[in-house]
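Using my numbering, you'd call the opening residue of the sequence shown number 8 and step up by one each time.
Glycine included, C-beta positions come from ideal geometry on N, C-alpha and C.
To start, the structure itself, in structure tokens.
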Amino acid sequence: MHPSLSIVHDQPLDAFNTFRIPARARHYLRVDGAQQLDAVRADPALSGLPRLVLGGGSNLLLTRDVDGLVLHMTGQGRAIIGEENGKTLVRAQAGEGWHGFVRFTLEQGIGGLENLSLIPGTVGAAPIQNVGAYGVETRDVFHSLTAYDMASGAVRTLDAAACRFGYRDSIFKHPDGADLIVLDVTFALPAAWQPNLRYAELGNAVQEAALIAPTPNDVGLLVEAIRRRKLPDPREIGNAGSFFKNPVVSSAECARLVGLFPNLVHHAQPDGTFKLAAGWLIDQCGWKGKHLGAAGVYHKQALVLVNLGQATGQDVVRLAAAIQADVAARFGVALEPEPVFI
Ligand code: EPU
């Protein structure tokens, strides 16, 4: 193996996934830039191994040991790099913690990321999932990213169109993006900032706080308070945020469901479809606060599955399958998991 690469063998991954599921990696490498990836490509003992790229491990369900190479993206660094079309460009390396990066921008008085406060994970993972919360998605504030292509060894710049963002989706989750490893991400944040308070819960929080002219930092702190009220802190209770995507159904299907369940939570989408609240569907099936073995449904938010202490990945898979079966039987709606299963 390459002499300059500090590969660790049989590395425990418990501390590197927010579900805190016990699993091990046969080979593990911390990566802070393209040089190490060049070396992995050049090493025949490493280049053919199955790969798992790890950021903050907050969108991951480990159901087994990783019999390959874990590339843990740890590159640090963040900077304001310039202005373009009335936007401030801010860049961070993939391994920067997401919330720390959001705070960095807010502390400089730069708005745009405040609705995405307190999301677990790293900067590099944000575009992969097109992470979103409170009416803002990564794609709304995205400028471009640098990715390393493991197939060719080239370093490529991708703009928003090339990333093919969708709801919790991007090119990186599809076969044609599987060889791309995000090295750094640049965000374009509006110099003329307006709060985005379209999400009712956040709008209400701003009203209740009696803020007449809220600053980006004010809004960020309110988002943090909402999240702390509803979502478990992964440092205290293992979890991976929303475990299922909110299902999208046709208007005919939505009308059928509203006929049967008048309280159904549904939101019209620009394309005429409707997004349903998976948390509501799961709650209606009586799962909130329940558990199967050591895997549970969070008592304040049914969309979040939690590790009650000693859960294995298989325990979580079993619980998720039971929930999917109940929601399908009662509502005829298929729930799709949000985290990546390994
Ligand atoms: N609801 C219930 N019972 C529950 C949970 C939710 O009835 O146990 C109802 C709520 O009352 C509300 C609706 O379901 O009417 C939606 O709930 P909420 O506003 O809490 O948001 P969500 O749809 O559950 C989504 C994202 C979150 C994001 C929030 C805020 C997905 C899969 N989840 O959750 O993202 O923080 O909106 O924007 O899109 C994540 O992806 O990990 C994540 C946390």
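- Just the C-alpha distance for Val-323 and Ala-329, rounded to the nearest angstrom, thanks. Going by the C-alpha atoms only, they are around 10 Å apart.
- Item | Residues near Leu-165 by beta carbon distance below 7 Å, same chain, minus five either side | Excluding residues within five positions, the ones whose Cβ falls inside 7 Å are Ser-151, Leu-152 and Ala-154.
- Task: Along the alpha helix (DSSP H) that carries Thr-112, what are the first and last residues, could you check?
- Result: Here the alpha helix (DSSP H) through Thr-112 covers 105 to 114.
- Message: Let me make sure I understand the geometry here. Which of Trp-287, Ser-249 and Leu-96 has the alpha-carbon closest to that of Val-313?
- Response: Here the closest residue by C-alpha is Ser-249.
- Which word fits Asn-253, buried or exposed, when buried means at least 16 other C-beta atoms lie within 10 angstroms of its C-beta? When all chains shown are included, Asn-253 counts as buried.
- Query: Could you give the C-beta distance for His-106 and Ile-87, rounded to a whole number, given that I count them as a contact under 8 Å?
  - Reply: Rounded to whole angstroms, the Cβ separation of His-106 and Ile-87 is 18 Å, and the two are not in contact under 8 Å.
- Message: On the CB-based measure, 16 or more other CB atoms within 10 Å of its CB, does Asn-92 come out buried or exposed?
- Response: So Asn-92 ends up on the exposed side.
- Item | Cβ distance (whole Å) where Gly-82 is taken to contact Gly-102 below 8 Å | Between Gly-102 and Gly-82 the Cβ distance is about 4 Å, and since that is below 8 Å, they are a contact.
- Message: Quick check on the DSSP output: the alpha helix (DSSP H) that includes Arg-31 runs from which residue to which?
- Response: Premise fails: Arg-31 lies in the beta strand (DSSP E), 31 to 38, not in any alpha helix (DSSP H).
- Item | Leu-78 vs Leu-56 beta-carbon contact at 8 Å | Taking the C-beta atoms as reference points, Leu-56 is found no nearer than 8 Å to Leu-78.
- Task: Taking the CB atoms as reference points, tell me whether Thr-193 and Leu-96 lie closer together than 8 Å.
- Result: Cβ atoms of Thr-193 and Leu-96: closer than 8 Å.
- Pro-182 by DSSP, collapsed to three states: which one? Secondary structure at Pro-182: helix, using DSSP grouped into helix, strand and coil.
- Ignore the nearest five residues each way along the sequence and tell me which others in Ser-177's own chain have a CB closer than 8 Å to its CB. Taken in chain order, the residues that qualify are Pro-134, Ile-135, Gln-136, Asn-137, Cys-170, Arg-171 and Gly-184.
- Please name the residue, chosen from Val-334, Pro-19, Ser-258 and Glu-121, that lies closest to Ile-233 on a Cα-to-Cα basis. For the residues Val-334, Pro-19, Ser-258 and Glu-121, the minimum Cα distance to Ile-233 belongs to Glu-121.
- Query: Can Ala-216 and Leu-229 be called in contact, C-beta distance under 8 Å?
  - Reply: A contact, by the Cβ cut-off of 8 Å.
- Query: DSSP three-state call for Glu-343: helix, strand or coil?
  - Reply: Here Glu-343 sits in coil by DSSP.
- Task: Report the residue ranges of all alpha helix (DSSP H) runs contained in full by the stretch 40 to 107; include only those spanning at least 4 residues, in chain order.
- Result: Counting only runs of at least 4 residues, the stretch 40 to 107 fully encloses the following alpha helix (DSSP H) elements, listed from N- to C-terminal order: 41 to 49 and 51 to 54.
- Message: Going by DSSP in three states, Ala-327 sits in which element: helix, strand or coil?
- Response: Three-state DSSP puts Ala-327 in a helix.
- Message: Closer than 8 Å is the cut-off here; do at least three beta carbon pairs connect the stretch 33 to 44 with the stretch 12 to 23?
- Response: Enough Cβ pairs lie closer than 8 Å, so yes.
- Have a look at the DSSP bridge pairing and note the partners of Gly-139. In DSSP, Gly-139 forms a bridge with Glu-144.
- Query: Roughly how many angstroms lie between the CA atoms of Leu-113 and Pro-346, to the nearest whole one?
  - Reply: Computed Cα separation, rounded: 28 Å.
- So, using beta-carbon positions, are Thr-25 and Gly-245 closer together than 8 Å? Yes, the pair counts as a contact, with Cβ atoms nearer than the cut-off.
- Message: Tell me the DSSP secondary structure of Arg-235 in three-state form.
- Response: Arg-235: helix per DSSP, three-state reduction.
- So who's on the other strand from Arg-163, going by DSSP bridges? Beta-bridge pairing links Arg-163 to Ala-154.
- According to DSSP, is Leu-196 helix, strand or coil? Look at Leu-196 here: in three-state DSSP terms it is strand.
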